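Here is the structure we will look at, set down as structure tokens.
2 protein chains.
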Amino acid sequence: MDKVRKMERVAALTKIMADRPRYLFSLSYFSDLFGAAKSTICEDITAIKEATGHFGLGTIETVAGAAGGIRFIPRVSAKETDALLNELALRLAEPDRIIPGGFLYMSDLLFTPHLMVKVGEIFMERLERLAPDYILTVETKGIPLAFMTARAFDLPLITVRRGSKVTEGSAVSINYVSGSSKRIQTMSLPKRALPAGAKVLIIDDFMKAGGTARGMVDLVYEVGAKVVGIGVLVATAEPEDKLVEDYLSLLILHDVDEHTKITDIRPVLTSV
Amino acid sequence: MDKVRKMERVAALTKIMADRPRYLFSLSYFSDLFGAAKSTICEDITAIKEATGHFGLGTIETVAGAAGGIRFIPRVSAKETDALLNELALRLAEPDRIIPGGFLYMSDLLFTPHLMVKVGEIFMERLERLAPDYILTVETKGIPLAFMTARAFDLPLITVRRGSKVTEGSAVSINYVSGSSKRIQTMSLPKRALPAGAKVLIIDDFMKAGGTARGMVDLVYEVGAKVVGIGVLVATAEPEDKLVEDYLSLLILHDVDEHTKITDIRPVLTSV
Chain E
1 MDKVRKMERV
11 AALTKIMADR
21 PRYLFSLSYF
31 SDLFGAAKST
41 ICEDITAIKE
51 ATGHFGLGTI
61 ETVAGAAGGI
71 RFIPRVSAKE
81 TDALLNELAL
91 RLAEPDRIIP
101 GGFLYMSDLL
111 FTPHLMVKVG
121 EIFMERLERL
131 APDYILTVET
141 KGIPLAFMTA
151 RAFDLPLITV
161 RRGSKVTEGS
171 AVSINYVSGS
181 SKRIQTMSLP
191 KRALPAGAKV
201 LIIDDFMKAG
211 GTARGMVDLV
221 YEVGAKVVGI
231 GVLVATAEPE
241 DKLVEDYLSL
251 LILHDVDEHT
261 KITDIRPVLT
271 SV
Chain B
1 MDKVRKMERV
11 AALTKIMADR
21 PRYLFSLSYF
31 SDLFGAAKST
41 ICEDITAIKE
51 ATGHFGLGTI
61 ETVAGAAGGI
71 RFIPRVSAKE
81 TDALLNELAL
91 RLAEPDRIIP
101 GGFLYMSDLL
111 FTPHLMVKVG
121 EIFMERLERL
131 APDYILTVET
141 KGIPLAFMTA
151 RAFDLPLITV
161 RRGSKVTEGS
171 AVSINYVSGS
181 SKRIQTMSLP
191 KRALPAGAKV
201 LIIDDFMKAG
211 GTARGMVDLV
221 YEVGAKVVGI
231 GVLVATAEPE
241 DKLVEDYLSL
251 LILHDVDEHT
261 KITDIRPVLT
271 SV
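Keeping their order, the protein sequence lines are chains E and B. When we follow this note's numbering, the leftmost residue of the first sequence carries the number 1, and every step to the right adds one. When we follow this note's numbering, the leftmost residue of the second sequence carries the number 1, and every step to the right adds one.
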């Protein structure tokens, strides 16, 4: 009977912690929920820790003290990361993705939940050392992957709007030159969205010259916050000199040939 | 030793299945992963089923046959749903959310992952009988909650754009009148995004007159697909007659008084 209970608790604990990565749960919370002693919960957690560690699914951190507790940090193994990036590269190289102008149709992948859940965890894994307070992106196509990155960090997402929308109150706006359109455009951020001094990680789906990323960096500084890093799913190889200095890209787009329908896109693998 | 292994498998199985709601995993997949017999995996699944059922976290469905397997369907209990909707109503009624024009600032909540994970599961729970093939929304603020609904259903999300963007190829466009701005606007959908005959569930953050939702319905019919339902987080009480006939709203906004700073917003509870 007690064995069954332990098994039930382990399954329920795993589900609850996996549902909210990085969130610090107190032992008292679980102790109340399951009507079990804290020491019992600790034993359960040890079993989960071994299981998720063994299968490369994540780690469990214990924070000591009165304000302490336990949190689950998802991990994507190098093997799994590379398999996903290889899959994305293959799919993005499909000939019918090429759109006049040398663009690639990416929306179907960018809006597929199970892919973006993993991409978000990969960004978290590679950029967690930057310890951001907020994830920031610009509408529209980057929102799902930025949101899943925010989920993996257990942080709020801030979305920069193109133009200035009436339903968000007063906003700070700047002009920027988009690398793809070469036109001057406006982007804005609601004043209340980001507190001064906040550390911001920028996540976006695509970077060519880096004009949009540069605009986001400027906007963040404009409200008195600070950019600690930039992550993009796909960056083009050319131009080599981007308008932002340091960024992480998971895939590099070397060439799109509209004539031969050949796309040269390569994953940046972890295992090499 | 075997006890420890069982515990490890149960934790790992729970994590993997909870990570991808509704996805049908084959028993062979788990059998290979854990190097265990299918009958052993079945016993583990039974333990998880009892645990998640007992704690109201979800159900596990078994699909028989060669193409069969097991899938996890998250459940949000009526109590948890009501608690979340009450919390959202309370927070949306905060006086400093009122923006000139009688709008409510909602972006901070709409872009908070753990809240939208739950809202997505609530939509899935209440609308799964409609058996959609796709979730559809319009940019921008509705994307996270529509994406989390798509995740709970394990379905792709399609995002309608305002205007027609160059990076998405040929698109179908229609004009619509937005209830909030009373202006004629354009929205468009890439032609390749939605196959003819597909069943579409529309999810959005806010509905006033229903003009935007009406536009999405028309756009879906335009490409030969079919709308099976509409879900919104907040609908206004007035006008009572919306431009769409049938929709589910989780919260009803009765009044925003810019003068007294009082917002009357009420959850649509499940337990009454």
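Every residue gets a Cβ at the ideal spot worked out from N, C-alpha and C, and that includes glycine. All values reported here derive from a predicted model rather than from experimental measurement.
Cross-chain neighbours of residue i in chain E, by beta carbon under 9 Å
i, result
"residue 57(B)", "11, 12, 15, 16, 19"
"residue 70(B)", "Near residue 70(B) there are no residues of chain E at all, since even the closest Cβ is about 14 Å away, more than 9 Å."
"residue 117(B)", "19, 20, 151"
"residue 161(B)", "140"
"residue 50(B)", "4, 7, 8, 11"
"residue 147(B)", "111, 113, 116, 143, 144, 147, 148"
"residue 158(B)", "107, 108, 111"
Option in the options with minimal Cα separation from residue i
i, options, result
"residue 60(E)", "207(E), 68(E), 72(E)", "72(E)"
"residue 153(E)", "144(E), 140(E), 169(E), 128(E)", "128(E)"
"residue 264(E)", "133(E), 244(E), 98(E)", "98(E)"
"residue 213(B)", "88(B), 159(B), 270(B)", "159(B)"
"residue 232(B)", "54(B), 6(B), 149(B)", "149(B)"
"residue 140(B)", "134(B), 56(B), 121(B), 206(B)", "206(B)"
"residue 224(B)", "248(B), 109(B), 196(B), 217(B)", "196(B)"
"residue 130(B)", "83(B), 248(B), 147(B)", "248(B)"
"residue 203(B)", "176(B), 124(B), 186(B), 238(B)", "124(B)"
"residue 198(B)", "39(B), 133(B), 30(B)", "133(B)"
"residue 34(E)", "177(E), 222(E), 169(E), 7(E)", "7(E)"
"residue 246(E)", "191(E), 222(E), 201(E)", "201(E)"
"residue 21(E)", "45(E), 39(E), 75(E)", "75(E)"
"residue 222(E)", "254(E), 86(E), 211(E), 171(E)", "171(E)"
With 16 other Cβ atoms within 10 Å as the buried cut-off, status of residue i
i, result
"residue 184(E)", "exposed"
"residue 113(E)", "buried"
"residue 242(B)", "buried"
"residue 18(E)", "buried"
"residue 261(E)", "exposed"
"residue 63(E)", "exposed"
"residue 142(B)", "buried"
"residue 14(B)", "buried"
"residue 1(E)", "In this prediction, residue 1(E) scores a pLDDT of 44, lower than 50, which makes its location untrustworthy; the coordinate-derived value is nonetheless stated afterwards. Residue 1(E) should be labelled exposed."
"residue 67(E)", "exposed"
"residue 121(E)", "buried"
"residue 90(B)", "exposed"
"residue 137(E)", "buried"
"residue 168(E)", "buried"
"residue 95(B)", "exposed"
"residue 267(E)", "buried"
"residue 156(E)", "buried"
"residue 190(B)", "buried"
"residue 32(E)", "exposed"
"residue 215(E)", "buried"
"residue 106(E)", "buried"
"residue 118(E)", "buried"
"residue 101(B)", "exposed"
"residue 65(E)", "exposed"
Contact test: residue i Cβ vs the ligand FAD heavy atom, cutoff 7 Å
i, result
"residue 9(E)", "The ligand FAD is absent from the structure shown, which contains no ligands of any kind."
Inter-residue CB distance, residue i and residue j (contact presumed, cutoff 8 Å)
i, j, result
"residue 226(E)", "residue 220(E)", "7 Å"
"residue 37(E)", "residue 10(E)", "So it is not a contact: roughly 15 Å between Cβ atoms."
"residue 81(B)", "residue 270(B)", "5 Å"
"residue 209(B)", "residue 52(E)", "Residue 209(B) to residue 52(E), Cβ: 49 Å. No contact."
"residue 104(B)", "residue 256(B)", "6 Å"
"residue 88(B)", "residue 251(B)", "6 Å"
"residue 58(B)", "residue 24(B)", "Residue 58(B) to residue 24(B), Cβ: 15 Å. No contact."
"residue 55(B)", "residue 144(E)", "With 8 Å as the limit, residue 55(B) and residue 144(E) do not qualify as a contact, their Cβ atoms being about 29 Å apart."
"residue 186(E)", "residue 163(E)", "6 Å"
"residue 178(B)", "residue 188(B)", "About 15 Å separates the two Cβ atoms, so there is no contact after all."
Listed by chain order, chain B residues near residue i by CB distance under 8 Å
i, result
"residue 122(E)", "Per Cβ cutoff of 8 Å: no residues; residue 122(E) is ~14 Å from chain B at best."
Chain E residues whose Cβ lies nearer than 8 Å to that of residue i
i, result
"residue 47(B)", "4, 7, 8, 11"
"residue 193(B)", "107, 108"
"residue 154(B)", "113, 114"
Per-residue contacts from residue i into chain E (C-beta, under 7 Å)
i, result
"residue 169(B)", "99, 105"
"residue 320(B)", "Nothing can be reported for residue 320(B): it is not among the residues displayed for chain B, which extend from 1 to 272."
C-beta neighbour in chain C for residue i, strict 8 Å
i, result
"residue 259(E)", "Within the model displayed, chain C is absent; protein chains E and B are what it includes."
Contacts of residue i in chain B (Cβ-Cβ under 9 Å)
i, result
"residue 248(E)", "Here the premise fails: no neighbours, minimum Cβ distance about 21 Å."
Where residue i meets chain B, residues with beta-carbon distance less than 7 Å
i, result
"residue 254(E)", "Chain B residues near residue 254(E): none, gap ~18 Å exceeds 7 Å."
Going along the chain, which unbroken runs of the beta strand (DSSP E) with 3 or more residues stay wholly within the segment 64-115 of chain B? Listed in chain order, the complete beta strand (DSSP E) runs (minimum 3 residues) inside the segment 64-115 of chain B are 69-74.
Pick out the complete alpha helix (DSSP H) segments inside the segment 150-231 of chain E, 4 residues or longer, and give them in chain order. Fully enclosed alpha helix (DSSP H) runs of 4 or longer: 211-222.
Any chance you could list the beta strand (DSSP E) runs of at least 3 consecutive residues sitting entirely within the segment 14-71 of chain E, in chain order? Here the runs fully enclosed are 58-63.
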